[in-house]
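Following our numbering, the numbering of the sequence shown begins with 992 at its first residue and continues without gaps. Just so it is clear, CB atoms sit at the ideal spot from N, CA and C, and this is done for glycine as well. What follows is a single structure, written as structure tokens, with notes after it.
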Amino acid sequence: TSIMQDYAALFNSLKICHFVMPVVNPNDVVACLNSVTGWDMDITEFMQAGERISNVQRLYNVRLGLDRDNDTIPHRIATMKFEEGGGAGYLPDLEKMLDEYYDHRNWSRDGIPRPSKLKQLSLNAEEEYVKANFPDLEQQ
């Protein structure tokens, strides 16, 4: 989910091993961060920092030319149906999954963060970049 991606982005930025993510309480991470930096960040601000990281990373990839076509799942998962169990006969609908994910993130159908999302996250330079390079994006 986007929440776990944002949380993982924070772990990457803080140079914390991902193997401890499932066992570390996020509030403890925030408390340690505050102790080290002298900040007074709460869990909401902490997670918003992760969301900011995820959106900046996405825009970096957009600038490199990556788009919806690059957001994929392994070929085996996309083409080989399970033969038994609850998922028997099922193949994921990647297009539907991407539409839902992009909507949740407030990104365009091509996976570009919308100016309104960037403004919400106070990513002003990124907002201006998107407005200048994708002028019709907010209407999509």
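query, result
"Sheet register partners of residue 1098 (DSSP bridge)", "1104"
"Euclidean distance between Cα positions of residue 1051 and residue 1104", "11 Å"
"Outcome for residue 1102 when other beta-carbon atoms lying within 10 angstroms are tallied against a minimum of 16", "buried"
"Option in 1109, 1114, 1034 with minimal Cα separation from residue 1129", "1109"
"Residue 1042 versus residue 1025 - alpha carbon distance", "19 Å"
"Residue 1182 versus 1083, 1077, 1076, residue with shortest Cα-Cα distance", "In this structure the chain extends from 992 to 1131, so residue 1182 is not present and cannot be described."
"Given residue 1059 as reference, the closest of 1077, 1039, 1090 once Cα atoms are compared", "1090"
"Cα-Cα separation between residue 1030 and residue 1037, rounded to whole angstroms", "11 Å"
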